[in-house]
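Novice: Take a look at the following structure, please.
2 protein chains.
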Amino acid sequence: MGASAFDAAIALQPRADGMFLGHTSPAYANMVGPFGGVTAAQALNAVLQHPERLGDPISLTVNFAAALADGPFTVIARPARTNRSTQHWVLEIQQQGQAVLTGTAFFGLRRDTWSADEHTMPAVPPPSEVVQAQGPARVEWVKRYEMRFAEGAIPTEWDGKDRGVSRTRLWLRDSPPRPLDFASLAALSDVFFPRVWRRRPMLVPIGTVSMTVYFHADQALLKSTGDGYLLGQCQGQAFRNGFFDQTAQLWNQGGDLLATTHQVVYYKE
Amino acid sequence: MGASAFDAAIALQPRADGMFLGHTSPAYANMVGPFGGVTAAQALNAVLQHPERLGDPISLTVNFAAALADGPFTVIARPARTNRSTQHWVLEIQQQGQAVLTGTAFFGLRRDTWSADEHTMPAVPPPSEVVQAQGPARVEWVKRYEMRFAEGAIPTEWDGKDRGVSRTRLWLRDSPPRPLDFASLAALSDVFFPRVWRRRPMLVPIGTVSMTVYFHADQALLKSTGDGYLLGQCQGQAFRNGFFDQTAQLWNQGGDLLATTHQVVYYKE
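Which chain is which? The protein sequence lines are W and G, in order. Residue 129 in the working numbering sits at position 145 of the first sequence, with consecutive numbering throughout. Residue 73 in the working numbering sits at position 89 of the second sequence, with consecutive numbering throughout.
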C-alpha cells in the first residue's frame, strides 16, 4: 500500500539537535491554517518516532496557540520524566521561533487487567444504511474523511435558532480508508464540527484552543479495527461567554470504545 | 476571614528568578504524597499570581509524573504565547530538579455572547436532605471537604463484584466553607474517588496520571456561587488494561455548570 495523504501530512524529519521538522499539508487545509487534528497527530508523531519513547499513548493534550502558517515548522518533544513503565512528555510546535502549539503527552506500558466499557455504543443503523455526506466542502481537509451522519449533520439552514441540543452521531473513517493507528485516532478525535454551529446554526467564528484525547485502544485493538468505520458521538456541555466545550467518544464497529476526547473552543457572538 | 487551610496549602512565594516556591501541606495529605487536586491548584495558582497573566483560566491540564515528597517544591509557569485576548502557559513542578508535574493552561478574556448550559443539573434532593459522609477517613485531605452523596457513595462492601455502573452524584464544598475561586474549583475537580472502586469495589492501587479542567465559570459566577454547595457528577467511560477515564461536571445550587473535568487514571488488577 502506498503512503496515504495522512502519512505524507504527518511525516517528520529528525534533526541533528533532536527536534523534528514538519510541514503543513495542503491536503488538510482548514479555513485558516491546517486542520487541528492533523497538527495534533504531528505533535504525537514526534513522540511516536522519538528514540527514547517508552510504551504507547494513553493521553494527549494539545493547545492551539496560533494558526499555523503554510510551510515548515519545528516539533520539540521532551521526555520530562521516565518512570519504570510510564513516561511524561512536553510538546511544542514552533514557527519562526514562536510557539504555535503547546502540549503534553503521557505514554505507558499496558498490562492485562479487569476491563469494561461503561459508555457503550449507541444504537444507530449500520454505515451502509447511512448516507455519505456529499457536496461542496468549505474546506479541503473534510475531503480526507468519509462521514455518514446518523444524527446531527452539518446544518443546512443557518437560521441562528437555538436547537436545544448539540449532539452528533456519525460513522467516519479516513478517505481513502487507512488502517487505524494512534496518530490517525488523534486526528479523528478532532473531526467533529464545532457544537455551537449545531446547537444554534450560525456561522460564527470559532477556534479550538485545547483538546485532550484519552486512548483506550492498544496496539491489538487498533489492529483488529483496521480500516473499518468508527462511530463518533459528540456533544457540548456548556456554552458561556466566548468558550464552549465538547466531549466525544469513538467506538469501532465491534463496539469497543477506542478513545474519549474533549475540547474547549473559542466562539464569537 | 482568616486564611483557610486551603489558602495556606496553595500559598506560593515568588522567587527572584521568576519561579515560585511552594510546600506540601499535611492538611491535604493523601495515601502517598498530597491530594492531586491541591497540587493542580498550586500549579494554577502560579499563573494566577504571575505578573504577566492575562485574563482568567479557561482550561488547565496537569499530568502527575511522580508522587510529591513531603516538603518544598518549585513551580515554573512560562507564558509560551500571549495573543491579544488569550494566553498559553506551560507549567512544571519540580522537586530536586526532577519534574513531578507537567501541565499547560489556557487563559482568556471573556466577552458577553449567546450562552447556554446543555448538560443540565440532574435532579437530586437538596443538600439538607442528603446525609453528610462521616466516619474515619482513610486519608487526611478528605476531611477538608464536606461530601453528601446522593448516589454512588464510597463502597462499604469491598467484594470485588462488578456493579455495572460507576456514577456518583454528591453535594460538596470546602470544609470549613470557603468562597469558591478558580484554584478551589480546580481542586474540587479532583475530589471524586476513583471510578474503578465504585464500578468494582476492590481497593486496587490507583493513581491519576492526567487531569483536565474546563472552567465555564467567570469571576461573576464564582462570586454569586460563594461558599454554597456544588453538585458534582462523575462517571467512568472505559476501563482497559491498566487505565480508565472518568468525566465529571460541577454545578452550583442555582444549576449553573461551573466546570467540566476529565481524568485518566492508572489502576492495577
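Positions of the beta carbon are idealized from the N, C-alpha and C atoms, including for glycine.
1. Bridge partners of Arg179 (chain G), per DSSP?
2. Using a beta-carbon distance cut-off of less than 9 angstroms, what residues from the region 182 to 203 of chain G approach chain W?
3. If contact means a Cβ-Cβ distance below 9 angstroms, which residues of the region 11 to 38 of chain W contact chain G?
4. Quick check on DSSP: helix, strand or coil for Tyr12 (chain W)?
5. Run the CB neighbour count on Val0 (chain G), radius 10 Å, all protein chains shown included, and call it buried at 16 or more, exposed below.
6. Nearest by alpha-carbon distance to Arg122 (chain W): which of W:Arg95, W:Met15, W:Thr86 is it?
7. Which of the three DSSP states is assigned to Asn47 (chain G) in this structure?
8. Can you list the residues of chain W that Asp143 (chain G) reaches, using a CB-CB cut of under 7 angstroms?
9. Assuming Ala170 (chain W) is part of the alpha helix (DSSP H), what are its boundary residues?
10. Following the continuous beta strand (DSSP E) through Thr209 (chain W), name the residue where it begins and the one where it ends.
11. If you check the beta carbons only, do Arg184 (chain W) and Trp98 (chain G) fall under 8 angstroms apart?
12. Which same chain residues end up closer than 8 angstroms to Gly(-14) (chain G) when comparing Cβ atoms and leaving out the 5 residues on each side of it in sequence?
13. Buried or exposed: which applies to Trp5 (chain G), given that a residue is buried once 16 or more other Cβ atoms fall within 10 Å of its Cβ?
14. Could you check if Glu36 (chain G) is buried or exposed, using at least 16 other CB atoms within 10 Å of its CB as the buried criterion?
15. Give, in chain order, every unbroken run of the beta strand (DSSP E) that is at least 3 residues long and sits entirely within the region 196 to 250 of chain W.
16. Cβ atoms of Thr245 (chain G) and Thr196 (chain W): under 8 angstroms apart, would you say?
17. Compute the distance between the beta-carbons of Pro106 (chain G) and Gln230 (chain G), then report whether it is under 8 angstroms.
18. Based on Cα-Cα distance, which residue from W:Thr23, W:Gly2, W:His7 lies nearest to Asp174 (chain W)?
19. According to DSSP, Met3 (chain G) sits in a beta bridge with which residue or residues?
20. Under 8 angstroms between C-beta atoms, does Leu241 (chain G) make it to chain W?
21. Listed in chain order, which residues of the region 214 to 229 of chain G have Cβ atoms closer than 9 angstroms to some Cβ of chain W?
22. Under DSSP, the alpha helix (DSSP H) around Ala25 (chain W) begins and ends at which residues?
23. Run down chain G in chain order and give the residues with a C-beta less than 7 angstroms from the C-beta of Val248 (chain W).
24. Can you pull the chain W neighbours of Asp174 (chain G), defined as C-beta to C-beta under 8 angstroms?
25. Quick one: is Ser340 (chain G) buried, meaning 16 or more other Cβ sit within 10 Å of its Cβ, or exposed?
26. Does the beta carbon of Thr152 (chain W) sit closer than 8 angstroms to a beta carbon anywhere in chain G?
Specialist: In this structure, then:
1. Looking up residue 179 (chain G) in the second sequence gives position 195. Under DSSP, no beta-bridge partner is assigned to Arg179 (chain G).
2. Along the region 182 to 203 of chain G, going in chain order, the ones with a CB nearer than 9 angstroms to a CB of chain W are Arg183, Arg184, Met186, Val188, Val193, Ser194, Thr196, Tyr198, Phe199, His200, Ala201, Asp202.
3. Answer in chain order: no residues at all.
4. Counting from 1 along the first sequence, the entry for residue 12 (chain W) is found at position 28. Tyr12 (chain W): helix per DSSP, three-state reduction.
5. On the second sequence, residue 0 (chain G) is found 16 positions in, with the first residue counted as 1. Position check: residue 0 (chain G) holds Ala in this sequence, whereas Val was assumed. Counting Cβ neighbours within 10 Å, Ala0 (chain G) comes out exposed, since fewer than 16 surround it.
6. Taking the first residue of the first sequence as 1, we reach residue 122 (chain W) at position 138. Closest option to Arg122 (chain W), judged by alpha-carbon separation, among W:Arg95, W:Met15, W:Thr86: W:Met15.
7. The residue you call residue 47 (chain G) lines up with position 63 of the second sequence. In the structure shown, Asn47 (chain G) falls within a strand segment according to DSSP collapsed to helix, strand and coil.
8. Counted from its first residue, the second sequence places residue 143 (chain G) at position 159. Near Asp143 (chain G) there are no residues of chain W at all, since even the closest Cβ is about 14 angstroms away, more than 7 angstroms.
9. Indexing the first sequence from 1 puts residue 170 (chain W) at position 186. That run of the alpha helix (DSSP H) goes 166 to 172.
10. Along the first sequence, read from residue 1 onward, the residue named residue 209 (chain W) stands at position 225. Segment 203 to 209 is the alpha helix (DSSP H) holding Thr209 (chain W); no beta strand (DSSP E) there.
11. The residue labelled residue 184 (chain W) in the question sits at position 200 within the first sequence. The residue labelled residue 98 (chain G) in the question sits at position 114 within the second sequence. Against a cut-off of 8 angstroms, the Cβ pair of Trp98 (chain G) and Arg184 (chain W) comes out as a contact.
12. Stepping through the second sequence from its first residue, residue -14 (chain G) is reached at position 2. Any reading at Gly(-14) (chain G) must be qualified, since the residue scores a pLDDT of 48, below 50, and its modelled position is unreliable; the value itself is stated next. Excluding positions up to five away in sequence, the list is empty.
13. Locating residue 5 (chain G) in the second sequence gives position 21, where the first residue counts as 1. For the record, residue 5 (chain G) in the displayed sequence is Leu; it is not Trp. The residue in question, Leu5 (chain G), is exposed, as its Cβ has fewer than 16 Cβ neighbours within 10 Å.
14. As a working note, residue 36 (chain G) is residue 52 in the second sequence. When all chains shown are included, Glu36 (chain G) counts as exposed.
15. Listed in chain order, the complete beta strand (DSSP E) runs (minimum 3 residues) inside the region 196 to 250 of chain W are 214 to 224, 227 to 236.
16. For the purposes of this step, residue 196 (chain W) is identified with residue 212 of the first sequence, where counting begins at 1. For the purposes of this step, residue 245 (chain G) is identified with residue 261 of the second sequence, where counting begins at 1. Between Thr196 (chain W) and Thr245 (chain G), the C-beta spacing is not below 8 angstroms.
17. Position 122 of the second sequence, counted from the start, is the residue given in the question as residue 106 (chain G). Position 246 of the second sequence, counted from the start, is the residue given in the question as residue 230 (chain G). Cβ distance not < 8 angstroms, so Pro106 (chain G) and Gln230 (chain G) don't count as in contact.
18. Sequence index remark: in the first sequence, residue 174 (chain W) carries index 190 (1-based). Nearest option by C-alpha distance: W:Thr23.
19. Counting from one through the second sequence, the residue named residue 3 (chain G) turns up at place 19. Beta-bridge analysis with DSSP links Met3 (chain G) to no other residue.
20. Taking the first residue of the second sequence as 1, we reach residue 241 (chain G) at position 257. So yes, Leu241 (chain G) belongs to the interface.
21. If the cut-off is 9 angstroms between Cβ atoms, the region 214 to 229 of chain G has Gln219, Gly220, Gln221, Ala222, Phe223, Arg224, Asn225, Gly226, Phe227, Phe228, Asp229 near chain W.
22. In the first sequence, residue 25 (chain W) corresponds to position 41, counting from 1. According to the DSSP assignment, Ala25 (chain W) belongs to the alpha helix (DSSP H) that extends over 20 to 32.
23. As a first step, residue 248 (chain W) is located in the first sequence; it is residue number 264 there, counting from the start. Chain G residues near Val248 (chain W): Ile42, Ser43, Tyr198.
24. Taking the second sequence and counting its residues from 1, the one referred to as residue 174 (chain G) is at position 190. Residues of chain W whose Cβ lies closer than 8 angstroms to the Cβ of Asp174 (chain G) do not exist; the shortest such Cβ separation is about 15 angstroms.
25. Because chain G spans -15 through 253 in this model, residue 340 (chain G) falls outside it and cannot be assessed.
26. Position 168 of the first sequence, counted from the start, is the residue given in the question as residue 152 (chain W). Not closer than 8 angstroms to any Cβ of chain G, the Cβ of Thr152 (chain W) fails to qualify, so no.
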